[in-house]
DNA sequence: CCCGCACGATACCCGTGGGGTATCGGCGTG
DNA sequence: CACGCCGATACCCCACGGGTATCGTGCGGG
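Chains as they are written, first to last, in this note's numbering: chain A, 771 to 1053; chain B, 771 to 1053.
This is the structure we're talking about:
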């Protein structure tokens, strides 16, 4: 017997309407119908009478509703009791500054609900360390962007974003459907801070060192373009700000948002966070 | 939280050895390791200390062992209570006489364990009705063989068996790797009973009516060949008996063992039996 | 002392199942 | 009688659970 199916059953039993129950469960009606039928086959009893007038509980269904509620509560208690044992803990999360996306919020929300006793400490980093302190052991898990040296790390790609040139909206090149690096060769580029990671440096400098103004955070890019008249690269995972334009760069390989932790990581919290993050970005 | 994982956990906790627990659970060790790790991530706690000396429970694991046992028992009680409500029931199963295979036994064994309160009535039929009384509504579900008229029925193929000529072992044709219907044209064929189903009749008579001795059951085929010197067709899903030989017929399309029930069937028992059968034959 | 062995972890592959979208069917209603 | 509501069905696709092969490590024996 599957607790998930029991949860579905309770929803339908309370709504007495497959469509509404499906909405409550954030799934569609057909899978819900199948799930209930599967539960019925598993138990060997019909749980609902589907009359045209509406859905009603059979006697067996009425009994199961009670039992299911108590069983689900029992499971919840079990989870809480075991989780309580592990005592308070903290998880230090490294963000690359632009990690403040809706998906990131969803992950942290889900994680807090799953592990309420774990305190999440967030450490936002400037652009000098693509691993956000993970390589140095200063954070447990990092939500960041590639590419960087992955030796000793467990890294999973979350998204694949094309890379665009960041221009003023009134730039003559802003109207083009796409550009190449050569198109921007004469421009002054804003410059990312020095880093020890060769892959990162080479990728984001597009192969050659730049000499423009230094940007230490993602927001500074915007200022550099708007006020200093420079250009630069940015992953296309957000809207350009007011007065700015993003034009895809044909000859840049796409950039990946990734989640990373130490390869030898054993803490279940951190593994859990890792898994939840991967799941959240898939949905 | 997944009850399946809890069951795995209890097994490991009792054996304190992943390999042995895996044997007990009829799965292999690697999936079990992963399952436990997943449970640990889900709960946010390590449940076992894996020291080289052996596996021991952590404090959290000790608590969970208690809780898990009680939760699993609770689930079992729930299943029983709901199943008890539906009262005694019978499921009438039609068999085509040769339905007595190991796979058939497995299905009925699993079904009995799943639904102990359901009495299975078996109705073996002679060869006059390929649906074993299903079309006539005299059985709930049939384990039989195609082809037959499927209108109004839900039919699922279980196996695909080549069809062979059934000969005496000392027949001159018995040594051939395969035969055609034409090779047997001069022989006297044993004859199946008359049936109303045109598809069935045409298939098993290989297109033309026969005039040999009548066989009403599968076992009679053996006698007809051994003692009457006739030949006939049989699906290659069993060993030929002592003194007999089976030679594949090149120009007969294969025969399918199938499970069937009424298309409009609503009884969860019967749906469950149907599903279990399909699953059992896949494994 | 180092090789072999025991045992849990990891890597990788494949099939099933659970989720999705599109559509049906059957019954009430205007 | 046409339409609409609602659960069921058909079909697709990817994630996950389970499989085999292999690794890494710590311990014991020759």
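For glycine and all other residues, C-beta sits at the position ideal for the given N, C-alpha and C.
For clarity, every value in this text was computed on a predicted model and none was experimentally measured.
Where do the ends of the beta strand (DSSP E) carrying residue 991 (chain B) lie?
No beta strand (DSSP E) holds residue 991 (chain B); the alpha helix (DSSP H) holding it covers 988-998.
Residues that DSSP places opposite residue 1025 (chain A) in a beta bridge
Answer is A:931, bridged to residue 1025 (chain A).
Just by C-beta distance, which residues in the region 815-837 of chain A are closer than 7 Å to chain B?
Under the 7 Å Cβ criterion, the region 815-837 of chain A contributes 815, 816, 829, 830, 833, 834, 837.
Residue 991 (chain B) to residue 888 (chain B) span [Cα, whole Å]:
Distance from the CA atom of residue 991 (chain B) to the CA atom of residue 888 (chain B), rounded to whole angstroms, is 34 Å.
Going straight from the alpha carbon of residue 828 (chain B) to that of residue 816 (chain B), what length do you get?
Rounded to whole angstroms, residue 828 (chain B) to residue 816 (chain B) spans 7 Å at the Cα level.
Cutting at 8 Å between CB atoms, please list the residues of its own chain near residue 1006 (chain A), excluding the five before and the five after it.
Excluding sequence positions up to five before and after residue 1006 (chain A), its CB lies within less than 8 Å of the CB of 931, 932, 933, 934, 1016, 1018, all in the same chain and listed in chain order.
Please classify residue 899 (chain B): does DSSP put it in a helix, a strand, or coil?
Three-state result, residue 899 (chain B): coil.
Are the C-beta atoms of residue 1041 (chain B) and some chain A residue less than 8 Å apart?
Output row for residue 1041 (chain B): interface = yes.
For residue 1047 (chain B), which residues from the same chain have a beta carbon less than 6 Å from its beta carbon, with the 5 sequence-adjacent residues on both sides left out?
In the same chain as residue 1047 (chain B), and ignoring 5 residues on each side of it, the C-beta atoms closer than 6 Å to its own belong to 877, 1029, in chain order.
According to DSSP, which residues form a beta bridge with residue 818 (chain A)?
Beta-bridge pairing links residue 818 (chain A) to A:827.
Cα-Cα separation, residue 812 (chain A) to residue 1036 (chain B):
Residue 1036 (chain B) has its alpha-carbon roughly 14 Å from the corresponding atom of residue 812 (chain A).
For residue 1049 (chain A), which of helix, strand or coil comes out of DSSP?
In this structure, residue 1049 (chain A) counts as helix in the three-state DSSP scheme.
If you draw a straight line from the C-alpha of residue 784 (chain B) to the C-alpha of residue 1034 (chain A), how long is it?
For residue 784 (chain B) and residue 1034 (chain A), the distance between alpha carbons rounds to 28 Å.
9 Å Cβ cut-off: residues of chain A touching residue 754 (chain B):
Absent from the model: residue 754 (chain B). The displayed extent of chain B is 771 to 1053, so no value can be given.
Hey, is residue 879 (chain A)'s beta-carbon within less than 8 Å of any beta-carbon in chain B?
False, the Cβ-Cβ gap to chain B never drops below 8 Å.
Check for me: the alpha helix (DSSP H) holding residue 813 (chain B) runs from which residue to which?
If you look at residue 813 (chain B), you'll find it in the alpha helix (DSSP H) that goes 799-813.
If you follow the alpha helix (DSSP H) that residue 956 (chain A) is part of, which residue opens it and which one closes it?
Taken as a continuous stretch (DSSP letters only), residue 956 (chain A) belongs to no alpha helix (DSSP H), as it is neither H nor E.
Touch test, the region 892-901 of chain A against the region 980-988 of chain A, Cβ-Cβ under 8 Å, three pairs minimum:
The region 892-901 of chain A, when compared against the region 980-988 of chain A, does touch it at the 8 Å Cβ threshold.
Would you tell me roughly how many angstroms separate the C-alpha atoms of residue 787 (chain B) and residue 862 (chain A), rounded to the nearest one?
Taking the straight line from one Cα to the other gives about 33 Å.
Checking contacts by CB at 8 Å: is residue 802 (chain B) closer than that to chain A?
So no, residue 802 (chain B) is outside the interface.
Three or more C-beta pairs under 8 Å: does that hold for the region 841-859 of chain B against the region 836-854 of chain A?
With a cut-off of 8 Å, the region 836-854 of chain A and the region 841-859 of chain B count as touching, because enough Cβ pairs lie within range.
DSSP three-state assignment for residue 912 (chain B), whether helix, strand or coil
Residue 912 (chain B) sits in a strand when the DSSP states are folded into three classes.
From the DSSP output, in three-state form, read off residue 791 (chain B) for me.
Of the three classes helix, strand and coil, the one that applies to residue 791 (chain B) here is helix, per DSSP.
Whose Cβ in chain A lies nearer than 8 Å to the Cβ of residue 1048 (chain B)?
Neighbours of residue 1048 (chain B) on chain A: none; closest Cβ ~12 Å, over 8 Å.
For residue 841 (chain A), the three-state DSSP class (helix, strand or coil):
The answer is helix: DSSP assigns residue 841 (chain A) an H, G or I state.
Tell me which residues share the same chain as residue 892 (chain B) and place their Cβ nearer than 7 Å to its Cβ, disregarding the 5 neighbours each side in the sequence.
These residues qualify, in order along the chain: 863, 865.
Buried or exposed: residue 910 (chain A), going by 16 or more other Cβ atoms within 10 Å of its Cβ?
Buried, since its Cβ has 16 or more Cβ neighbours within 10 Å.
Measuring alpha carbon to alpha carbon, tell me which residue in A:1041, A:999, A:810, A:942 is nearest residue 853 (chain B).
Taking residue 853 (chain B) as reference, the option from A:1041, A:999, A:810, A:942 with the minimal CA-CA separation is A:810.
7 Å CB neighbourhood of residue 797 (chain A) in its chain, flanking five on each side removed:
The beta carbon of residue 797 (chain A) sits closer than 7 Å to no other beta carbon from its chain once the five residues preceding and following it are set aside.
Counting only C-beta atoms, is residue 781 (chain A) closer than 8 Å to chain B at any point?
Contact of residue 781 (chain A) with chain B is not assigned, every C-beta pair being separated by 8 Å or more.
8 Å is my cut-off, CB to CB: does residue 863 (chain B) come that close to chain A?
It does not: the Cβ of residue 863 (chain B) has no partner Cβ on chain A nearer than 8 Å.
Beta-carbon proximity list for residue 946 (chain A), same chain, < 6 Å, skipping 5 on both sides:
Correct list, in chain order: 1017.
Who are the near neighbours of residue 944 (chain A) in its chain, counting only those whose CB is closer than 6 Å to its CB and skipping five residues on each side?
For residue 944 (chain A), where only same-chain residues beyond five positions count, the Cβ hits under 6 Å are 937, 1015.
Could you name the residues of the same chain whose beta carbon sits closer than 7 Å to that of residue 1044 (chain A), not counting the 5 residues immediately before and after it, in chain order?
Around residue 1044 (chain A), the same chain offers 911, 1029, 1031 as residues with beta carbons nearer than 7 Å, after the five sequence neighbours per side are excluded.
Would you identify the three-state DSSP class for residue 894 (chain A), choosing helix, strand or coil?
Reduced to three states, the DSSP call for residue 894 (chain A) is strand.
Cβ pair residue 916 (chain A), residue 1008 (chain A) closer than 8 Å:
The Cβ atoms of residue 916 (chain A) and residue 1008 (chain A) lie no closer than 8 Å to each other.
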